[in-house]
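Worksheet for the structure shown next.
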Amino acid sequence: MIGGMHRFLGTLVDEHERILDALAALYDYARFLAPIDEDPRGTLRDFSRFFREFLDGAHHHKEEALLFEAMFDAGFSRASGPVACMNHEHEDGRASVAKLSALSDGAGPLSPEELASLVEASADFTRLLASHIAKENQMLYPLAARALSDETFDALAERARAAHSLAEIEALEALGEALSARCAAR
Ligand SMILES: [Fe+2]
């Protein structure tokens, strides 16, 4: 327990900060650096990999396969309400990552149309996730903290470690930090 919140939830909150940092870097990259980057598609492949493997593969896995399932077991609805809503927003996030991946395909500099759609996709993705993450931090996780026991959280943390090794998570965190160091304007 850290400050009344189980470390399983604390880790998810920390991951949100990393995700928001990477999104800020992506938005800055789209506006300022992409037009002058020698290998914009390579950079976009790195961003896509971070969002695919850290946001979706690791973070959303912990939420969807572990936390949300435990909340369904505790009586939350699969069809409607807060957990179902968060699941739905994850799908919207996957659509944004697919747009980034599509832009990273091909070779050579990005066309003016591709640059414009990169800025738009980054802005949409940032808006979506900033609001989604605020809802999880301020509403969903406090609901989970009240509904689930410490023993349940211990079991979820154990299963999370089994699904993704610390080394795997740290490598993805390092990728996010490298992208922020390279691309964030602030
Ligand atoms: Fe989340």
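Position 85 of the sequence shown, counted from 1, bears residue number 85 in my numbering, the numbering being contiguous throughout. Glycine included, C-beta positions come from ideal geometry on N, C-alpha and C.
Beta-carbon separation (whole angstroms), residue i vs residue j, contact threshold 8 Å
| i | j | result |
| --- | --- | --- |
| G153 | H61 | One point to set straight first is that residue 153 is Phe, not Gly, in the sequence displayed. Going by Cβ atoms, the distance from F153 to H61 rounds to 16 Å, so no, they are not a contact pair. |
| F32 | A181 | That pair is no contact at about 15 Å. |
| H16 | I133 | 5 Å |
| R41 | A123 | The Cβ separation is near 20 Å, so there is no contact. |
| A74 | A147 | 5 Å |
| A22 | G176 | 5 Å |
Heavy atom of ligand 2 within 6 Å of residue i beta-carbon
| i | result |
| --- | --- |
| E53 | Ligand 2 is absent from the structure shown, which contains only ligand 1. |
Where residue i falls: helix, strand or coil (DSSP)
| i | result |
| --- | --- |
| L20 | helix |
| I2 | Confidence is the limiting factor: at I2 the pLDDT is only 49, short of 50, which leaves the residue's position unreliable, though a coordinate-based value still follows. Strand. |
| A185 | coil |
Exercise. What are the start and end residues of each continuous alpha helix (DSSP H) run of 4 or more residues lying completely inside the stretch 23–59, in chain order?
Worked result: 40–49
Exercise. So does the stretch 33–51 actually touch the stretch 99–109, counting three or more Cβ pairs closer than 8 Å?
Worked result: yes
Problem set entry | Entirely enclosed alpha helix (DSSP H) segments - the stretch 144–170, minimum 4 residues | 150–163
For this session: Mind listing, in chain order, the continuous alpha helix (DSSP H) runs of no fewer than 4 residues lying wholly within the stretch 74–129?
Result: 82–104
Exercise. Is the stretch 162–171 in contact with the stretch 115–124, if contact means three or more CB pairs nearer than 8 Å?
Worked result: no
Exercise. For the stretch 140–152 against the stretch 67–83, are there 3 or more C-beta pairs whose distance is under 8 Å?
Worked result: yes
For this session: Would you be able to state if there are at least three C-beta pairs under 8 Å between the stretch 49–56 and the stretch 18–38?
Result: yes
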